[in-house]
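The sequence shown runs 45 to 122 under our numbering. Please read the structure below before turning to the comments.
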Amino acid sequence: MTDKDTSALIETLKATNEELLNQVALLTEQVEYLTRKLYGKSSEKNVANTNQLSLFDEYKTGGEDDKDLPSHYRNYYL
């Protein structure tokens, strides 16, 4: 290899290395963002979707239907 070929190869490798470093930085930033989004603090202050059914009967105060159940079942889930 001549000096000209070696210099061209070095410049190509430097450009490729710089490109790869930029890509690694971008991917690292994406991983950090997604990790924060997945495992970070979640807010319970989200507005409930009115079109979605609730898993719980929020209008019940609990215990009003318990009188029909045997004593060992009353307030079991409360």
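For each residue, glycine too, the CB sits at the ideal point set by N, CA and C.
- Query: By how many angstroms is the C-alpha of glutamine 96 removed from the C-alpha of glutamate 55?
  - Reply: Here residue 55 corresponds to residue number 11 of the sequence shown, with the count starting at 1. Here residue 96 corresponds to residue number 52 of the sequence shown, with the count starting at 1. Spanning the two alpha carbons is a distance of roughly 59 Å.
- For phenylalanine 78, does the three-state DSSP call read helix, strand or coil? Your numbering for residue 78 matches position 34 in the sequence shown. Going by the sequence as given, residue 78 is leucine instead of phenylalanine. In the structure shown, leucine 78 sits in a helix (DSSP, three-state: H, G or I).
- Query: Excluding five sequence neighbours on each side, which residues of the same chain lie with their C-beta closer than 8 Å to the C-beta of leucine 53?
  - Reply: Locating residue 53 in the sequence shown gives position 9, where the first residue counts as 1. The residues are Met45.
- Task: Leaving aside the five residues before and after leucine 67 along the sequence, list all residues of the same chain whose C-beta is less than 6 Å from its C-beta, in chain order.
- Result: In the sequence shown, residue 67 corresponds to position 23, counting from 1. A small correction: the amino acid at residue 67 is glutamine; leucine does not occupy that position in the sequence shown. Nothing listed; no residue qualifies.
- Message: Using only the alpha-carbon positions, how far apart do asparagine 61 and serine 51 sit?
- Response: For the purposes of this step, residue 61 is taken as the residue at position 17 of the sequence shown. For the purposes of this step, residue 51 is taken as the residue at position 7 of the sequence shown. Those two C-alpha atoms are separated by around 15 Å.
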